[in-house]
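Participant: Line by line, the protein sequences are chains A and B.
Just so we're aligned: 271 in the working numbering is position 241 of the first sequence, and the numbers increase by one with no gaps anywhere.
Just so we're aligned: 137 in the working numbering is position 126 of the second sequence, and the numbers increase by one with no gaps anywhere.
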Amino acid sequence: MGKFVIPVGPQHPALEEPESFSLMLEGERVAAANVTLGYNHRGIEKACESRTYIQDIYLLERICGICSHAHSTCYVQTVEDVAGLEVPKRALYIRSLIGELERVHSHLLWLGIAGHEIGFESLFMYSWKDREVVMDILELLTGNRVNYGMNTVGGVRRDITPEQAQDVLKALVILEEKTKYYIQLANEEVTLIDRLQGVGRLSKEDVLKYGATGPVMRAAGVSRDIRKDDPYAAYGELDFEVITDTHADVLGRTVVRVKELMESYKMIRQILKQMPDGPITVRAPKKIPAGEAVSRYEAPRGEDIHYLRSDGTDKPDRVKVRAPTLANLAAISNMLEGGYLADVPIVIAAIDPCFSCTDRAIKVVNASGGESMFDWEGLRRYSIDWYRKQGIDMKGTKLSRGED
Amino acid sequence: MGIALFDIIVFPGFIFLGILSLVAEFTDRKLNARLQNRVGPPWYQPLADFIKLSTKETIVPESASSRMFRALPLFALASASTAFLYIPIWSTTSLFPFSCDLIVVLYLLTVPTLTFFLAGWFSSSLYSEIGSIRTMTQLFAYEVPLYMALLGPAILADNWSISGIASYYYIHPLMALFNIPGLLVSLVAAQGKLERAPFDIPDAETEIVGGTFTEYNGRFLAFFRMSIDVELVVVATLIAAVFFPLFTPANAIVGFLIYLVKILFVIFLLAVLRTALARLRIEQMVSFCWRILAPLALLQVLIDLIVKGVLAH
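#1: Give the residues of chain B in contact with A/V374, contact being defined as C-beta atoms less than 8 Å apart.
#2: Within its chain, find whatever has a CB closer than 8 Å to the CB of A/M165; leave out the 5 residues flanking it on each side and keep chain order.
#3: Tell me the DSSP secondary structure of A/D434 in three-state form.
#4: Closer than 8 Å is the cut-off here; do at least three beta carbon pairs connect the region 203-223 of chain B with the region 284-297 of chain B?
#5: Check whether the region 275-291 of chain A and the region 126-145 of chain A touch, using three or more Cβ-Cβ pairs below 8 Å as the test.
#6: Can you pull the chain B residues whose beta carbon is under 7 Å from the beta carbon of A/A216, in chain order?
#7: Could you tell me whether the Cβ atoms of A/L138 and A/I301 are closer together than 8 Å?
#8: Give the range of the alpha helix (DSSP H) segment to which A/Y337 is assigned.
#9: For B/P209, which residues in chain A fall below 7 Å Cβ to Cβ?
#10: Can you pull the chain A residues whose beta carbon is under 8 Å from the beta carbon of B/A287, in chain order?
#11: Given A/A519, which residues of its chain have a CB within under 6 Å of its CB, disregarding the five upstream and five downstream residues?
#12: Under the DSSP definition of a beta bridge, which residues are partnered with A/A62?
#13: So is B/I293 in contact with chain A if we call contact Cβ pairs under 8 Å?
#14: Please list the terminal residues of the continuous beta strand (DSSP E) segment that includes A/I36.
#15: Taking C-beta to C-beta, are B/G326 and B/Y158 nearer than 8 Å?
#16: Using a C-beta to C-beta distance shorter than 7 Å, which residues of chain D count as neighbours of A/M155?
#17: Can you list, in chain order, the stretches of the alpha helix (DSSP H) that have 4 or more residues and sit fully within the region 50-121 of chain B?
#18: Check the Cβ of B/A282 against every Cβ in chain A and list those closer than 8 Å, keeping chain order.
#19: Terminal residues of the continuous beta strand (DSSP E) containing B/E206?
#20: Using the beta-carbon of each residue, which ones in chain A are nearer than 7 Å to B/M87?
#21: Check whether the region 175-187 of chain A touches the region 109-128 of chain A, taking contact to mean three or more Cβ pairs, one atom from each stretch, closer than 8 Å.
#22: How is A/E49 classed by DSSP in three states: helix, strand or coil?
#23: So is A/H166 in contact with chain B if we call contact Cβ pairs under 8 Å?
#24: So, with DSSP's three-state summary, where would you put A/M403?
#25: In chain order, what residues of the same chain have a beta carbon less than 6 Å from the beta carbon of A/S50, not counting five sequence neighbours either side?
#26: Is the Cβ of B/A215 closer than 8 Å to any Cβ of chain A?
#27: Any idea what DSSP makes of A/E271, helix, strand or coil?
#28: What residues from chain B crowd round A/L356, counting only those whose CB sits closer than 7 Å?
#29: Under a CB-based cut-off of 8 Å, is B/L232 close to chain A?
#30: Quick one: which chain A residues come within Cβ less than 8 Å of B/L96?
#31: Taking three-plus beta-carbon pairs below 8 Å as touching, is the region 82-98 of chain A in contact with the region 328-343 of chain A?
#32: Which bits of chain B does A/K159 rub up against, with CB to CB less than 8 Å?
#33: From this set, A/D111, A/R225, A/T108 and A/E367, which residue's C-alpha is nearest A/S52's C-alpha?
#34: Who pairs with A/S325 in a beta bridge, going by DSSP?
#35: Spatial neighbours of A/I204 within its chain, please: C-beta separation below 6 Å, excluding the five flanking residues on both sides.
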């Protein structure tokens, strides 16, 4: 068989969200890989500009169904920064607590997905069953399994009672025991190691060149973690290690994630022990003074960056989100090329992709070939023309944003 | 003639085999589910799946060869079912034994795999073509160890008919202990034959969607799934007949129960294998079959030759 191109996506069983990978195959080998973004743009950043700061917390929390707390925390940090608010210690500890529980559920979810991608359904079933333990704890503490709604500008919305803390500690015992089993699995199970070792390699140099982040970066031996390097919430007062690995492949990423679970349990114990008493929120003004701020957050998938520009009203002037997947996607062609077709799903899954968090544009691809990009003005003009053709009167609407 | 027709169509032929294959699929799925901490399907699920698939609209791709596309599932089902007629069930003789029927059964079991290859090839879709190539590559890897593992017991029994092998080990049950390496090899190779984890490479869902069956739907897919179930029963029966010499030719009812226990045990072993392992890559599979399985199967042949030589003196 000669070279031929096989599409993986936008709709494909290996992908949880639509994204297009087109692979040039030579037999079972991947000769070239091409990634096309832009199937999932939801316009959240733009929508933020027409909502108040408080409403935006809940909108931005819905960027990602898995690391929702990451996005909302990252956003409120920018607002608090611009407004100059001093957040109470207890609130910071609760933010860290939810953040770590979220990391636990995200990493366990990833482990299951990884099992599914390499045809190891039992691992999928086991880790998702164990994940229910932490999901129950999150529901107990916040009232929700995902999209916790814990953050508000100036603090958090719910306190942790001593009884709840006891329940968390009880759940940790179960989770720790299960996680030790997974660490053993990653070190001993033969078919698992055979499928993961040497797959999707990304050397330390390449990690730095492509700007990969999170477990992908740490698996190549780069010890960077926002929690350590630029501590936010309560992380400055916690004692933990940044897990790194030298494999620089999918096995390394698995090991890093599983070991990070153990660090998370350690941190949760410290948080519950050290959490000071006191208020959980300060009063925040409705109108945020003009200014701008950037905030960084170590999400389960890597570094999450939010930028905020305010203009003195109760609505932000600009919100910009850089989800960790965007940083990791740049390296994916490099990881896929030269590998096997059979490894494509696990290599893509190993960056723990979250495509809908990443997309910032719509790319219109014509079925007969050719593609075109819409910018904001173009999209607006297109929609006005379209409605005009439907016979809807658009007289009151002006074309560009500056004119309204 | 009338009795032979009854044998072929009703018992232990086609209808019985159909029911048994549904039971086998249920057992396999339920065991798999329980081993994975899941509840698993209710007992009628395989039948419900079959009926539902059969009533669905069938769509044949425009670019596919329509005649082949429709005929191949029937070929697969027919050849797998035919193989069953030559394997002893409760007594030591099968329905229509003849000399060297072991070879015929093995070739009849290869036919479904060939139809999977052709089905994928004639559906003319990228995913199914890759699946087809993988089916063939895999066939060349597991076929040799599987054949050799089954030929070892035949050499020791000095008989190339499955009924002959069964009668030999029925008379000398302890001789079956020499065939344990062959049993292990054939269990693992059977996973390749049946395209189950860790060798479910030809229809690896996350890589090539539905593999060879990507374009199949409706009753043609139902027939293919049925033939895979029948294959499971036939392979389990074959392994049970060759490696587990427990027969009661005098009492058909007890013999039949023993037969059920034997094949359910084989299906249990196959289910554990499929639960405990991750899917391998095709090149890992091929190298595993040639580097580990084939030498082990050769060892089995060697053991049987030596034992036979010692016994002759």
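Virtual Cβ for every residue (Gly too), placed ideally from N, Cα, C.
Just so we're clear, the structure is a prediction, and the values are computed from it rather than from any experiment.
Facilitator: In short, the structure shows the following:
#1: For A/V374, the chain B residues whose C-beta falls within less than 8 Å of its own C-beta are E218, listed in chain order.
#2: The residues H135 and R175, in chain order, have a CB closer than 8 Å to that of A/M165 in the same chain once the five nearest residues on each side in sequence are set aside.
#3: The predicted position of A/D434 is uncertain, since its pLDDT is 41 and thus under 50; no value can be drawn from it.
#4: Yes: the two stretches touch, three or more of their Cβ pairs being nearer than 8 Å.
#5: Touching, yes, given that three or more Cβ pairs across the two stretches are closer than 8 Å.
#6: One finds nothing in chain B with a Cβ atom closer than 7 Å to the Cβ of A/A216; even the nearest lies about 12 Å away.
#7: Not in contact: A/L138 and A/I301 (Cβ atoms no closer than 8 Å).
#8: Per DSSP, A/Y337 belongs to no alpha helix (DSSP H); it is in the beta strand (DSSP E), G332 to S340.
#9: For B/P209, the C-beta contacts it makes with chain A under 7 Å involve T221, in order along the chain.
#10: Under the 8 Å cutoff, chain A gives S152.
#11: Outside the shown range of chain A (31 to 434) lies residue 519 of chain A, about which nothing can therefore be said.
#12: A/M54.
#13: For B/I293, the answer is yes, since a Cβ of chain A falls inside 8 Å of its Cβ.
#14: That run of the beta strand (DSSP E) goes K33 to V38.
#15: Nothing can be reported for residue 326 of chain B: it is not among the residues displayed for chain B, which extend from 12 to 324.
#16: The structure shown has no chain D; the protein chains it does contain are A and B.
#17: If you keep only unbroken alpha helix (DSSP H) runs of at least 4 residues inside the region 50-121 of chain B, you get 56-66 and 77-95.
#18: Going along chain A, no residue has its Cβ under 8 Å from B/A282, so there is no contact; the nearest lies around 11 Å.
#19: Following the DSSP letters along the chain, one finds B/E206 in no beta strand (DSSP E), marked with neither H nor E.
#20: In the sequence on display, residue 87 of chain B carries Ala and not Met. Using a Cβ-Cβ cut-off of 7 Å, B/A87 is close to nothing in chain A; its nearest Cβ partner there is about 23 Å away.
#21: Cβ pair count under 8 Å is three or more, so yes.
#22: Annotated three-state conformation of A/E49 is coil, per DSSP.
#23: The amino acid at residue 166 of chain A is misidentified as His; the sequence shows Asp. So no, A/D166 is outside the interface.
#24: In the three-state scheme derived from DSSP, where H, G and I count as helix and E and B as strand, A/M403 is classed as strand.
#25: Correct list, in chain order: G39, P40 and T66.
#26: Chain A contact via Cβ: present.
#27: Coil, per DSSP.
#28: Simply none; closest approach about 23 Å.
#29: Chain A, which has no Cβ nearer than 8 Å to the Cβ of B/L232, makes this no.
#30: Near B/L96 there are no residues of chain A at all, since even the closest Cβ is about 34 Å away, more than 8 Å.
#31: Yes: at least three Cβ pairs fall under 8 Å.
#32: The contacting residues are N48.
#33: Taking only the C-alpha atoms, the option nearest A/S52 is A/E367.
#34: Partner(s): A/H336.
#35: Short of 6 Å from the beta carbon of A/I204, and not among the five residues preceding or following it, lie these beta carbons of its own chain, in chain order: V163.
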